[in-house]
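Asks:
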């Protein structure tokens, strides 16, 4: 059997599907070896992808597809298991063939993509190109073949295979619905709306009908349809006209971890960040500081970012007895690091290098009560520190000058005044892919005291699960598939604070008290809590969960 798994997020981080694929690949490689292929879009200068020479089975395929404007790249994804990947460069094909294939999908499936935008046309063209690739591979591999495709962006491939009558067994997994995301992004309650609208008409009114129709057809024509939570199963039944054949919760690649060691390393990184970011303006007592974070895609209402800001504003008005540093990790378009931020960072790095190099002489000077050496260092470094009146609340220059998160933080009075109890660091970049956030998230997030996730629309919710894996307590929306799974498996902790985001005004006090109590615990108790939460996360390990997918592949 040859197993092909297709997603727009193979070697291409966008959201949670990237986590699904990158964490379970190791176990599929162990099971299927070189019979397992991941397929994604080719992205230039991709640090996660290692190119290798084309294997013999791809050489003729490469030539035939190149003549059509489709170029295939072969290599491996540099993650656990090092799965082999085929990445498809489809842009020449896209330019030449887009209108023809939009017509064919209208002819085959009545998908109305007239007037569709780039957010549809780009992944649609890619999915057709992948379908053509698999058509060629069908001639190479006579054995059983399975395609597991994720989300509507890959739906065009399933529909291509079906239209061509190719002998692939197809599995289609959705991690959210087009209509659900669109409704929630307009701050419309998806659960309350389920039985009050005509889904197809609503998709037209919101101009997402072409994506919705692609998704609905992929659900209809796939051999097996799966979702990642009961919430999404109900949504699929109403919006897509079909209940899933299976519900398979997501999982993670769980490793044995030294909770305390990981915490200390990450905490030092966070405290060092505060030193160079804030100390040029004012002093913060790091021993009396509570670190919070939220992380996720830039979906302002879906991810409940307005509610997160509301809680931050409330904390700024309260006095929990601690300084609060709140990191908001939500990637969006940036032009670069703020000039002032990079100056502070560079000056700090320079100062560290000088102190490390000269530390013996500096200590000797202090013992002699000769401070000329220290004065010289100050004279060399301090002029390079150019700063404004207060620390910026954002680390990078944004493409969008009307960025909603930034504007709402300012409206909430969260602007890093020295008197503010809550200090904000809005980091609009992916952790580990930036100069100042230069470590992977597993090296940074364990240092936090709390993760806060108030999504209105979150069919699963990896970010909260990962927080538990790092041993970090969470405030979690009850609207997430992950929250439902905790209840389903009877996994409980006093340090998982579930809140009803529909009634957030009534839940504010509960959240504030949870944070107040958490911030007052002694270090020994905190370490026990971190171990407890980490142990809960191990329940969601792919080593056992992967069997659910393997049973589908081999059925």
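In the numbering used here, the protein residues as written are 133 to 687. Backbone N, C-alpha and C define an ideal beta-carbon position, used for all residues, glycine too.
1. Where DSSP assigns a beta bridge to residue 609, which residues make up the other side?
2. Just checking my contact of residue 470 with residue 408 at CB under 8 angstroms: how many whole Å lie between their CB atoms?
3. Using CA atoms only, rank isn't needed, just tell me which of 429, 426 and 404 is closest to residue 418.
4. So, at 7 angstroms on beta carbons, what are the nonlocal neighbours of residue 376 in its own chain, with the 5 sequence-adjacent residues on each side left out?
5. Among the residues of its own chain, which have a CB less than 6 angstroms from the CB of residue 465, if the five just before and after it don't count?
6. Between the alpha carbons of residue 642 and residue 626, how many angstroms are there, rounded?
7. If we ignore side chains and look at the alpha-carbon of each, how far apart do residue 239 and residue 233 end up?
8. Which stretch, first to last residue, makes up the alpha helix (DSSP H) that contains residue 636?
9. Could you pull out every residue in the same chain whose Cβ sits closer than 7 angstroms to the Cβ of residue 374, ignoring the five residues on either side in sequence?
10. When the Cα atoms are used, what is the spatial distance from residue 444 to residue 647?
11. Beta-carbon within less than 8 angstroms of residue 442's beta-carbon, same chain only, minus the 5 sequence neighbours each way: which residues are those?
12. Name, in chain order, the residues that DSSP records as bridge partners for residue 528.
13. To the nearest angstrom, how far is the alpha carbon of residue 220 from that of residue 191?
14. Would you give the residue range spanned by the alpha helix (DSSP H) that residue 665 belongs to?
15. Identify every residue that forms a DSSP beta bridge with residue 209.
16. Of the residues 569, 487, 554 and 363, which one's Cα is nearest the Cα of residue 416?
17. Measuring straight from C-alpha to C-alpha, what distance separates residue 260 and residue 657?
18. Ordered along the chain, which non-local residues of its own chain (more than five positions away) have a Cβ less than 7 angstroms from that of residue 662?
19. Which word fits residue 246, buried or exposed, when buried means at least 16 other C-beta atoms lie within 10 angstroms of its C-beta?
20. For the structure I just gave you, are there three or more beta carbon pairs, one from the region 278-285 and one from the region 322-338, closer than 8 angstroms?
21. Just the Cα atoms here: how many angstroms apart are residue 426 and residue 599?
22. Which of helix, strand or coil does DSSP assign to residue 134?
23. For residue 357, name the three-state secondary structure that DSSP assigns.
24. Can the beta-carbon of residue 579 be found closer than 9 angstroms to that of residue 607?
25. Does DSSP put residue 602 in a helix, a strand or coil?
26. Going along the chain, which residues of its own chain have a beta-carbon closer than 8 angstroms to the beta-carbon of residue 100, five neighbours each way excluded?
27. Kindly indicate which residue of 634, 456, 387 and 249 has the alpha-carbon position closest to the one of residue 688.
28. Give the straight-line distance between the Cα atoms of residue 163 and residue 406, rounded to the nearest whole angstrom.
29. Evaluate residue 468 with the Cβ neighbour count: other Cβ atoms within 10 Å of its Cβ, from every protein chain shown; 16 or more gives buried, anything less gives exposed.
30. Can you tell me where the beta strand (DSSP E) holding residue 559 begins and where it ends?
31. Would you kindly report the start and end of the unbroken alpha helix (DSSP H) that includes residue 455?
32. Since residue 313 and residue 589 should fall inside the 8 angstroms C-beta cutoff, what is the C-beta to C-beta distance between them, to a whole number of angstroms?
33. How big is the Cα-Cα spacing for residue 340 and residue 585?
34. Let me check one thing: in DSSP terms, what residues is residue 421 bridge-paired to?
35. Note the first and the last residue of the continuous alpha helix (DSSP H) segment covering residue 195.
36. With DSSP as the reference, label residue 281 as helix, strand or coil.
Replies: From the atom records:
1. As a first step, residue 609 must be located in the chain shown, where it is residue number 477. Beta-bridge analysis with DSSP links residue 609 to 631.
2. For the purposes of this step, residue 470 is taken as residue 338 along the chain shown, with counting starting at 1. For the purposes of this step, residue 408 is taken as residue 276 along the chain shown, with counting starting at 1. Not really, about 13 angstroms apart at Cβ, beyond 8 angstroms.
3. As a working note, residue 418 is residue 286 in the chain shown. Shortest Cα-Cα distance from residue 418 to any of 429, 426 and 404 involves 404.
4. One-based indexing of the chain shown puts residue 376 at position 244. Within the same chain, residue 376 has close Cβ partners 357, 358, 359, 365 and 368.
5. Position 333 of the chain shown, counted from the first residue, corresponds to residue 465. Correct list, in chain order: 531.
6. For the purposes of this step, residue 642 is identified with residue 510 of the chain shown, where counting begins at 1. For the purposes of this step, residue 626 is identified with residue 494 of the chain shown, where counting begins at 1. Take the alpha-carbon of residue 642 and the one of residue 626: they are about 13 angstroms apart.
7. Residue 239 sits at position 107 when you count from the first residue of the chain shown. Residue 233 sits at position 101 when you count from the first residue of the chain shown. Near 10 angstroms, if we compare the C-alpha coordinates of residue 233 and residue 239.
8. Residue numbering aside, residue 636 sits at position 504 when the chain shown is read from its first letter. Start and end: 636-651.
9. Against the chain shown, residue 374 aligns to sequence position 242. Excluding five sequence positions before and after residue 374, the CB atoms of its chain that fall closer than 7 angstroms to its own CB belong to 351, 352, 357 and 368, given in chain order.
10. In the chain shown, residue 444 corresponds to position 312, counting from 1. In the chain shown, residue 647 corresponds to position 515, counting from 1. Going from the Cα of residue 444 to the Cα of residue 647 covers about 11 angstroms.
11. The residue you call residue 442 lines up with position 310 of the chain shown. 544, 636 and 640, listed in sequence order.
12. For this step, residue 528 is matched to residue 396 along the chain shown. According to DSSP, which records beta bridges pairwise, residue 528 is partnered with 469.
13. Walking along the chain shown from the start, residue 220 turns up at place 88. Walking along the chain shown from the start, residue 191 turns up at place 59. One C-alpha to the other measures close to 14 angstroms.
14. Here residue 665 refers to the residue found at position 533 when the chain shown is read from its first residue. Judged by DSSP secondary structure, residue 665 falls within the alpha helix (DSSP H) whose first and last residues are 655-669.
15. One-based indexing of the chain shown puts residue 209 at position 77. 181, per the DSSP bridge assignment.
16. Along the chain shown, one-based indexing puts residue 416 at 284. It is 554.
17. By one-based count along the chain shown, residue 260 stands at place 128. By one-based count along the chain shown, residue 657 stands at place 525. Rounded to whole angstroms, residue 260 to residue 657 spans 55 angstroms at the Cα level.
18. Counting from 1 along the chain shown, the entry for residue 662 is found at position 530. When the five nearest sequence neighbours on each side are left out, the beta carbons in the same chain lying within less than 7 angstroms of the beta carbon of residue 662 are those of 391, 395 and 603, in order along the chain.
19. Here residue 246 refers to the residue found at position 114 when the chain shown is read from its first residue. Answer is exposed; the Cβ neighbour count stays below 16.
20. Judged by pairs of C-beta atoms under 8 angstroms, the region 278-285 does not touch the region 322-338, as fewer than three such pairs exist.
21. Start at 1 with the first residue of the chain shown, and residue 426 comes out as number 294. Start at 1 with the first residue of the chain shown, and residue 599 comes out as number 467. Approximately 10 angstroms, taken between the alpha carbons.
22. Translated into positions along the chain shown, residue 134 becomes position 2. For residue 134, the three-state secondary structure derived from DSSP is strand.
23. Taking the first residue of the chain shown as position 1, residue 357 is located at position 225. Strand, per DSSP.
24. Locating residue 579 in the chain shown gives position 447, where the first residue counts as 1. Locating residue 607 in the chain shown gives position 475, where the first residue counts as 1. Not in contact: residue 579 and residue 607 (Cβ atoms no closer than 9 angstroms).
25. Walking along the chain shown from the start, residue 602 turns up at place 470. Correct three-state label for residue 602: coil.
26. Since the first and last residues shown for the chain are 133 and 687, residue 100 lies out of range.
27. As displayed, the chain neither begins before 133 nor continues past 687, which places residue 688 out of reach and without an answer.
28. In the chain shown, the residue the question calls residue 163 occupies position 31. In the chain shown, the residue the question calls residue 406 occupies position 274. Their Cα atoms are separated by approximately 45 angstroms.
29. On the chain shown, position 336 is the one that residue 468 refers to. By the neighbour-count rule (16 or more Cβ atoms within 10 Å), residue 468 is not buried but exposed.
30. Here the question's residue 559 lines up with position 427 in the chain shown. From DSSP, the beta strand (DSSP E) with residue 559 extends over 554-559.
31. Stepping through the chain shown from its first residue, residue 455 is reached at position 323. Here residue 455 belongs to no alpha helix (DSSP H); instead the beta strand (DSSP E) covers 455-461.
32. In the chain shown, counting from the first residue as 1, residue 313 sits at position 181. In the chain shown, counting from the first residue as 1, residue 589 sits at position 457. Rounded, the Cβ-Cβ distance is 6 angstroms, consistent with contact.
33. Taking the first residue of the chain shown as position 1, residue 340 is located at position 208. Taking the first residue of the chain shown as position 1, residue 585 is located at position 453. Going from the Cα of residue 340 to the Cα of residue 585 covers about 27 angstroms.
34. Against the chain shown, residue 421 aligns to sequence position 289. Beta-bridge partners of residue 421 (DSSP): 455.
35. Here residue 195 is taken as the residue at index 63 of the chain shown, counted from 1. From DSSP, the alpha helix (DSSP H) with residue 195 extends over 188-198.
36. By 1-based counting over the chain shown, the position of residue 281 is 149. If DSSP states are grouped into helix, strand and coil, residue 281 belongs with the strands.
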